[in-house]
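In the numbering used here, the protein residues as written are -3 to 382.
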């Protein structure tokens, strides 16, 4: 006989979060769905550094100093750590409003704006907020059903509102916001230093080789006896990667250093929020470069408000095969009986109604009474005496 048993399945909140994100390691890693360029970033960094450590570093450590590969390894590890921290963390996603919260916000908006006649465009949903004696507008997000906090914006790629939104960076495969901007800045800064370092010592390596065997012989040299990439192809490949990376990454680092000094985001700079026609002063700037840098890079890191690994419980009913529990009169026969007797008694017991116990029929009636109960003769008893 089948029995329905209700079981609770543990579901994490990251499995039900809206937006276009991917999660790994039970919600600990959060990234955008478009990760192809992020893999290209890993390939370029790992490939260039592998060639440098495999060939140039060994020669330079013997000829110049063993500190050259050590310092390169420190820069490489720091750049990779900050890259992964930027790519795998929550940038500051703001949770969407629950249905009850969204309905309450809609009621507030209707109470504030009143009923709009049919055919007319409703007024913009904006709230005014004062920061450092300056009015800042809070815009309503029709996707998340919330009034976005100051400096927040909705990312069209990840489909989330991000606090202190800077930009969406495909090279790191994630949005850059309040919770991972400092790691993004440290990543591009360390990558710039690593690129300059490798580019410089590639040139030093070729110069040292040229002094010994000549420039043309250096370019024709093939390391080892096994057929491998010639020094010309290898060095040109490293120099080209470093050259183009040098201009892009170093320029990007300089641009973000300028933004950090002003306590400004890329999104605000592109929109001209503080340098537009109105010439509104940035209310978030302290007017001091050191204070702005300390706030952006050294300030307290807010915790994630998503609670990605929180538990949501959902009940699931599953059918299991089993026997119904037997009553007092439906008990199995003793094991001392034979096979035929056991089968016969089981069939009889399954059809007959449980008989009253011996204690109810054979015990004297006086012993069945409870203390203080009066004895009342029944009509059947009277008939039996006559």
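Here a beta-carbon is modelled for each residue, glycine too, at the ideal position from N, C-alpha and C.
Legend entry - Pair within 8 Å by beta-carbon distance, residue 87 and residue 175: Within the chain shown, the letter at position 91 stands for residue 87. Within the chain shown, the letter at position 179 stands for residue 175. At a Cβ-Cβ threshold of 8 Å, residue 87 and residue 175 count as neighbours.
Legend entry - Range of the contiguous beta strand (DSSP E) that encloses residue 136: Here the question's residue 136 lines up with position 140 in the chain shown. Judged by DSSP secondary structure, residue 136 falls within the beta strand (DSSP E) whose first and last residues are 130 to 137.
Inset, instruction - Report yes if the CB atom of residue 78 is closer than 8 Å to the CB atom of residue 239, and no otherwise. - result: For the purposes of this step, residue 78 is identified with residue 82 of the chain shown, where counting begins at 1. For the purposes of this step, residue 239 is identified with residue 243 of the chain shown, where counting begins at 1. Going by C-beta atoms, residue 78 is not nearer than 8 Å to residue 239.
Inset, instruction - Indicate the three-state DSSP secondary structure (helix, strand or coil) for residue 277 in the structure shown. - result: In the chain shown, counting from the first residue as 1, residue 277 sits at position 281. Looking at residue 277 - three-state DSSP - the assignment turns out to be coil, as it is neither helix nor strand.
Inset, instruction - Quick one: residues in its chain with C-beta nearer than 6 Å to the C-beta of residue 249, no 5 flanking neighbours on either side, listed in chain order? - result: Here residue 249 is taken as the residue at index 253 of the chain shown, counted from 1. For residue 249, where only same-chain residues beyond five positions count, the Cβ hits under 6 Å are 184, 185, 188.
Inset, instruction - Report the rounded CA-to-CA distance for residue 63 versus residue 284, giving the unit in angstroms. - result: The residue given as residue 63 occupies position 67 in the chain shown. The residue given as residue 284 occupies position 288 in the chain shown. One alpha carbon belongs to residue 63, the other to residue 284, and they sit about 37 Å apart.
Legend entry - CB of residue 75 within 8 Å of CB of residue 242, strictly: Reading the chain shown from its first residue, position 79 is the one you call residue 75. Reading the chain shown from its first residue, position 246 is the one you call residue 242. No, these two residues do not count as a Cβ contact at 8 Å.
Legend entry - Close beta carbons around residue 81, own chain, < 6 Å, minus the five adjacent residues each side: For the purposes of this step, residue 81 is identified with residue 85 of the chain shown, where counting begins at 1. These residues qualify, in order along the chain: 179.
Legend entry - Span of the beta strand (DSSP E), counted from its first residue to its last, around residue 20: In the chain shown, the residue the question calls residue 20 occupies position 24. That run of the beta strand (DSSP E) goes 17 to 20.
Inset, instruction - Would you give the residue range spanned by the alpha helix (DSSP H) that residue 263 belongs to? - result: Residue 263 sits at position 267 when you count from the first residue of the chain shown. Residue 263 -> alpha helix (DSSP H) spans 262 to 267.
Inset, instruction - Would you mind reading off the limits of the alpha helix (DSSP H) that contains residue 288? - result: Against the chain shown, residue 288 aligns to sequence position 292. That run of the alpha helix (DSSP H) goes 285 to 294.
Legend entry - Residue interval of the beta strand (DSSP E) (run including residue 77): Indexing the chain shown from 1 puts residue 77 at position 81. Not the beta strand (DSSP E): residue 77 falls in the alpha helix (DSSP H), residues 63 to 84.
Inset, instruction - Have a look at 32, 166, 194, 173 and flag the residue whose alpha-carbon is nearest the alpha-carbon of residue 53. - result: Locating residue 53 in the chain shown gives position 57, where the first residue counts as 1. If we check each option's Cα against that of residue 53, 194 comes out closest.
Inset, instruction - Compute the distance between the beta-carbons of residue 158 and residue 152, then report whether it is under 8 Å. - result: One-based indexing of the chain shown puts residue 158 at position 162. One-based indexing of the chain shown puts residue 152 at position 156. Result no, Cβ atoms of residue 158 and residue 152 do not sit closer than 8 Å.
Inset, instruction - Determine the direct distance from the alpha carbon of residue 130 to that of residue 21, and round the result to whole angstroms. - result: Reading the chain shown from its first residue, position 25 is the one you call residue 21. Reading the chain shown from its first residue, position 134 is the one you call residue 130. Between the alpha carbons of residue 21 and residue 130 lies a gap of roughly 44 Å.
Legend entry - residue 156 to residue 15 span [Cα, whole Å]: In the chain shown, the residue the question calls residue 156 occupies position 160. In the chain shown, the residue the question calls residue 15 occupies position 19. Those two C-alpha atoms are separated by around 6 Å.
Inset, instruction - Taking 8 Å as the cut-off, decide whether the C-beta atoms of residue 127 and residue 279 are in contact. - result: As a first step, residue 127 is located in the chain shown; it is residue number 131 there, counting from the start. As a first step, residue 279 is located in the chain shown; it is residue number 283 there, counting from the start. Yes. Within cutoff.
Legend entry - Burial state of residue 60 (16 or more Cβ within 10 Å): By 1-based counting over the chain shown, the position of residue 60 is 64. So residue 60 counts as exposed.
Inset, instruction - Return yes when the Cβ of residue 259 is within less than 8 Å of the Cβ of residue 292, no when it is not. - result: On the chain shown, position 296 is the one that residue 292 refers to. On the chain shown, position 263 is the one that residue 259 refers to. Contact flag set, yes.
Inset, instruction - Measure the Cβ-Cβ separation of residue 6 and residue 199 and say whether it is below 8 Å. - result: Counting from one through the chain shown, the residue named residue 6 turns up at place 10. Counting from one through the chain shown, the residue named residue 199 turns up at place 203. At a Cβ-Cβ threshold of 8 Å, residue 6 and residue 199 do not count as neighbours.
Inset, instruction - Consult DSSP for residue 305 and reduce its assignment to one of helix, strand or coil. - result: Taking the chain shown and counting its residues from 1, the one referred to as residue 305 is at position 309. If DSSP states are grouped into helix, strand and coil, residue 305 belongs with coil.
Legend entry - Contacting residues, own chain, Cβ-Cβ under 6 Å from residue 300 (five flanking each side not counted): Here residue 300 refers to the residue found at position 304 of the chain shown. Excluding positions up to five away in sequence, the list reads 86.
Legend entry - Check whether residue 144 and residue 137 have beta carbons under 8 Å apart: The sequence position of residue 144 within the chain shown is 148, counting from 1. The sequence position of residue 137 within the chain shown is 141, counting from 1. Between residue 144 and residue 137, the C-beta spacing is below 8 Å.
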